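S.K.:
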Amino acid sequence: MLPLSLLKTAQGHPMVRTFTFPRMPLHMLVELKNGETYNGHLVNCDTWMNIHLREVICTSKDGDRFWRMPECYIRGNTIKYLRVPDEVIDKVQEETKSRADRKPPGVGRGRGRAREDGPGGRQPKGAGRGLDDSARTTSGGRGRGGSGGKNTGGRGSGRGRG
Amino acid sequence: MSGRKETVLDLAKFVDKGVQVKLTGGRQVTGTLKGYDQLLNLVLDEAVEFLRDQDDPLKTTDQTRRLGLIVCRGTAVMLVSPTDGTDEIANPFIQPDGA
Amino acid sequence: MSTGPGLESLVDQTISVITNDGRNIVGVLKGFDQATNIILDESHERVYSTKEGVQQLVLGLYIIRGDNISVVGELDEELDSALDLSNLRAHPLKPVIH
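Residue numbers (the working numbering), protein chains in the order written: chain V, 1 to 162; chain L, 1 to 99; chain C, 1 to 98.
#1: Quick one: which unbroken beta strand (DSSP E) runs of 3-plus residues sit fully inside the segment 21-81 of chain L? Chain order, please.
#2: Is glutamine 11 (chain V) helix, strand or coil when you go by DSSP?
#3: Check the Cβ of glutamate 71 (chain V) against every Cβ in chain L and list those closer than 7 Å, keeping chain order.
#4: Helix, strand or coil for glutamine 93 (chain V)? Go by DSSP, reduced to three states.
#5: Can you list the residues of chain V that aspartate 67 (chain C) reaches, using a CB-CB cut of under 8 Å?
#6: Identify the continuous beta strand (DSSP E) that holds serine 70 (chain C) and give its terminal residues.
#7: Between which residues of its own chain and glycine 126 (chain V) is the CB-CB distance below 6 Å, once the five residues before and five after are set aside?
#8: Taking its Cβ as the centre, do 16 or more other Cβ atoms sit within 10 Å of glycine 31 (chain L), making it buried, or is it exposed?
#9: DSSP three-state label for lysine 17 (chain L), please.
#10: By how many angstroms is the C-alpha of aspartate 12 (chain C) removed from the C-alpha of aspartate 56 (chain L)?
#11: State the start and end residues of the unbroken alpha helix (DSSP H) segment that holds serine 81 (chain C).
#12: Please tell me whether aspartate 64 (chain V) has its Cβ less than 8 Å away from any Cβ of chain C.
#13: To the nearest angstrom, how far is it from the Cα of leucine 29 (chain C) to the Cα of valine 43 (chain V)?
#14: My assumption, with CB atoms under 8 Å, is that leucine 9 (chain L) sits in contact with valine 80 (chain L). Please give the rounded CB distance.
#15: When you compare only the Cα positions, how much space is there between isoleucine 25 (chain C) and glutamate 88 (chain L)?
#16: Taking methionine 1 (chain V) as part of the beta strand (DSSP E), name the residues at either end of that continuous run.
#17: List, in order along the chain, the chain V residues whose C-beta lies closer than 8 Å to that of asparagine 24 (chain C)?
#18: Note down, in chain order, each residue of its chain lying with its Cβ closer than 7 Å to the Cβ of aspartate 62 (chain V), except the 5 sequence neighbours on either side.
#19: For a contact meaning CB atoms closer than 8 Å, what does histidine 52 (chain V) contact in chain L?
#20: In this structure, does DSSP put leucine 40 (chain C) in helix, strand or coil?
#21: Thinking C-alpha only, which one of L:Leu44, L:Asp84 and L:Asn91 is nearest isoleucine 70 (chain L)?
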């Protein structure tokens with residue numbers, strides 16, 4: 001499982017059902033390299049781990065000052081770590097499994113070649129998924145395949161994830 | 001030009017609004033966002049920098065200095081947030097945020 | 001046992017991570033990528049001190065960015081469970097200086 005898939009799942013499943021907040025976006029904690037922490041709801045993230053949080057509480061390095069901000073954008077490379085709600089990992093596993101079930105054998109490669117040939121405008125929506133899966137299961141090209149699918153797969157892969 | 005697909009945050013909604021920018025190295029600036037590009041270079045007008053503690057350059061103080069019209073280099077931008085709605089608050093966590 | 005390159009062989013095993021800021025985090029490796037970003041499940045931090053035993057802070061599910069990781073190591077659970085952490089004293093690690 002790729003760390004960014006987990007993060008993407010945290011974003012792709014914006015709603016966690018709880019009793020008090022039936023549709024509350026996932027709450028995460030982000031610590032930056034400078035020691036500041038940000039608690040907020042993950043709205044969006046990308047392949048560079050840049051993240052967009054809403055309803056944020058910022059805590060200074062020493063934990064003695066606090067700020068509330070409606071939203072903020074954090075550059076990925078300033079992040080030290082992210083704390084993700086425990087249930088997200090089960091969601092990723094569910095997703096990968098259900099996607100693997102749907103994948104007919106050999107689909108990954110066939111579609112992959114087709115994608116190189118043209119702009120990929122007339123691919124079925126499932127293409128992104130198939131590609132993603134094959135990228136996930138082969139060990140060598142894993143990361144690369146995943147991110148390539150994300151960038152070039154455009155719409156298809158975006159939907160697969162969201 | 002400005003609305004690149006892969007940017008996580010659409011800065012268009014912040015144009016002509018106050019933003020707070022934290023830069024690598026610890027500088028912290030607020031100003032009115034006048035422009036930006038996909039590399040996160042920012043143009044801020046009437047920018048004000050928060051001066052920092054002599055002893056701990058990672059700590060900002062309430063002292064400021066006026067910078068005027070500036071460009072923030074995208075590679076140095078760590079964090080962008082709107083100033084509108086951003087306030088210092090009392091400890092919102094029941095226990096100090098040991099996380 | 002560990003075979004093959006990289007962290008693949010450690011997936012689903014308990015590992016110990018030392019971060020650039022000198023923390024020691026122990027958890028189950030769930031995933032990683034080319035940048036050594038890692039997913040740690042059921043993780044906890046071990047806080048070392050010379051004055052009292054090792055404190056364990058529960059962290060849960062973490063994504064640690066690769067550029068903040070100094071060391072990743074396999075944890076021998078048998079050896080580890082034989083440790084009496086509450087009586088272990090150690091200096092905390094200093095952060096990496098760039």
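Here a beta-carbon is modelled for each residue, glycine too, at the ideal position from N, C-alpha and C. No experiment lies behind these values; they were computed from the predicted model shown.
M.R.: In short, the structure shows the following:
#1: 28-36, 42-52 and 60-72
#2: helix
#3: Ser81 and Pro82
#4: helix
#5: Asn77
#6: 69-74
#7: Caution is warranted here: a pLDDT of 42 is assigned to glycine 126 (chain V), below 50, making its placement in the model unreliable, and the coordinate value is therefore given only provisionally. There are no such residues.
#8: So glycine 31 (chain L) counts as buried.
#9: Correct three-state label for lysine 17 (chain L): coil.
#10: 41 Å
#11: For serine 81 (chain C), the enclosing alpha helix (DSSP H) stretches over residues 77-82.
#12: no
#13: 26 Å
#14: Yes, they are in contact, since the Cβ atoms of leucine 9 (chain L) and valine 80 (chain L) sit about 7 Å apart, within 8 Å.
#15: Rounded to the nearest whole angstrom, the C-alpha separation of isoleucine 25 (chain C) and glutamate 88 (chain L) is 31 Å.
#16: That residue, methionine 1 (chain V), is in no beta strand (DSSP E); it is neither H nor E in DSSP.
#17: Neighbours of asparagine 24 (chain C) on chain V: none; closest Cβ ~13 Å, over 8 Å.
#18: none
#19: Val8 and Leu9
#20: The three-state reading of DSSP puts leucine 40 (chain C) in strand, counting E and B together.
#21: L:Leu44
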